[in-house]
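If you read the sequence shown in numbering that gives the first Met the number 0, its first letter stands for residue 0, the second for the next number, and so on.
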Amino acid sequence: MFELKKGALYVVATPIGNLGDLSPRARDVLAGADRICAEDTRHTRQMLNALGLERPLLALHEHNEDARVAQVLSYLQAGESLALVSDAGTPLISDPGYRLVRGLRAAGVTVSPVPGPCAAIAALSVAGIASDRFCFEGFLPNKSTARRERLQALAAEPRTLVFYESAHRIEECLADMRAAFGDAREAVLAREITKLFETVLDGTLASIAESVGADPNQRKGEFVLVVAGAPEDADAALREGRRLYAKLAEVMKPSQAAKLAAELSGAPRKALYGGE
0 MFELKKGALY VVATPIGNLG DLSPRARDVL AGADRICAED TRHTRQMLNA LGLERPLLAL
60 HEHNEDARVA QVLSYLQAGE SLALVSDAGT PLISDPGYRL VRGLRAAGVT VSPVPGPCAA
120 IAALSVAGIA SDRFCFEGFL PNKSTARRER LQALAAEPRT LVFYESAHRI EECLADMRAA
180 FGDAREAVLA REITKLFETV LDGTLASIAE SVGADPNQRK GEFVLVVAGA PEDADAALRE
240 GRRLYAKLAE VMKPSQAAKL AAELSGAPRK ALYGGE
């Protein structure tokens, strides 16, 4: 069995669906830790039960993370070995934990990764979209206006974009992406990765949105969206579109100015003006 270092925190990646994806070293760390910091103790206890393990759990989530730092530090300074897990996947990746890790590192504590599953990387590995350079955006804002603004700001990003999304927002998210990036932008939608009903849809944003809208099953579960980056000339087109829009908006309605500037520059209209 892997021997844990006393006074160290181990950041442990856990399965995103298939329990068989837990590494032997991750299991050893969970079995040997004096305590396990968990985003949801009920969820983690179910996983431990399935592994035949029983360890003391300490809830650590976005609402109490700051307050937990001193408590966790006291356990570590007393010579305990602790593990940190999220509900699924790699902790800190769109999950709580970075404040704890930052605080412990500032205190001189050893923080060691136990790598493993990550939904973003898993989706990227099967997408068939350029993966040499990518930008992880995690979850987009809940409110539509903020979500559209974020997407419009990414319209000219040349790197592949990776997003997380939930079932109740997936259709709205795809619609907003089509408006910001264009119907023809290449994308992949990975759903329920490593689980029984795993599906991977590829094509354009328009075709994926059509598939999701036509099949209720494709609107269930957890999603990762991988979207191809903008063409190399998109940044220049966007700059020119914004320049034209600023001039045209001085003499015509903003919506008309955006439409004309988009036609002349090739930039997405939504990236120039948020109105209809």
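Each residue gets a CB set at the ideal place from its N, CA and C atoms; glycine is no exception.
| Asked | Found |
| --- | --- |
| Can you look up C172 in the DSSP assignment and give me helix, strand or coil? | helix |
| For Y11, collect the residues of the same chain with a Cβ closer than 6 Å to its Cβ; drop the 5 residues on either side in sequence, then sort them by chain order. | Tyr is not the amino acid found at residue 11; the sequence shown has Val there. Within the same chain, V11 has close Cβ partners A25, V28, A82, V84, V113. |
| Using the Cβ count rule (16 or more neighbours within 10 Å means buried), how would you classify S264? | buried |
| Looking at C-alpha atoms only, which residue of C134, V68, G202, E191 is the closest neighbour of Q217? | E191 |
| Within a Cβ cutoff of 7 Å, which residues of the same chain sit near E185, ignoring the five residues on either side of it in sequence? | I128, T203, A227 |
| Per DSSP, which one or two residues make a beta bridge with V28? | Partner(s): none; V28 has no beta bridge. |
| DSSP on G78, reduced to helix/strand/coil? | coil |
| Using C-beta distances below 8 Å, list every residue in its chain close to A205, excluding the 5 sequence neighbours before and after it, in chain order. | R177, D182, A183 |
| Check D20 in the structure and name its three-state DSSP category. | helix |
| Quick check on P90: does DSSP put it in helix, strand or coil? | coil |
| What are the start and end residues of the alpha helix (DSSP H) that includes G212? | 204-213 |
| Cα separation between L161 and E53? | In the sequence as displayed, the identity of residue 161 is Val instead of Leu. If I take the Cα positions, the gap works out to 35 Å. |
| So the beta strand (DSSP E) L224 belongs to, where does it begin and stop? | 221-226 |
| Assign E275 to one of three DSSP states: helix, strand, or coil. | Caution applies to E275, whose pLDDT of 42 falls short of 50 and renders its modelled position unreliable; the value that the coordinates give is listed next. In the structure shown, E275 sits in coil (DSSP, three-state: anything other than H, G, I, E or B). |
| For A189 and V199, what's the separation of their Cα atoms in angstroms? | 4 Å |
| Smallest Cα separation from V282: which of A121, G88, A77, F135? | There is no way to answer for residue 282, as the model of the chain reaches only from 0 to 275. |
| Out of V125, A30, H60, which has the shortest C-alpha to C-alpha gap to E197? | V125 |
| Got a sec? Which residues, its chain only, sit under 6 Å from A248 by beta carbon, not counting five neighbours each side? | A256 |
| Starting from the N-terminal side, write out each stretch of the beta strand (DSSP E) that is 3 residues or longer and does not extend beyond the stretch 144-197. | 159-165, 185-190 |
| Buried or exposed, going by whether 16 or more other CB atoms sit within 10 Å of the CB of L195? | exposed |
| I'd like to check one pair, G88 with C134: are the Cβ atoms closer than 8 Å? | no |
| Under the three-state reduction of DSSP, which class applies to I15: helix, strand or coil? | coil |
| Please state the DSSP three-state secondary structure of P253. | helix |
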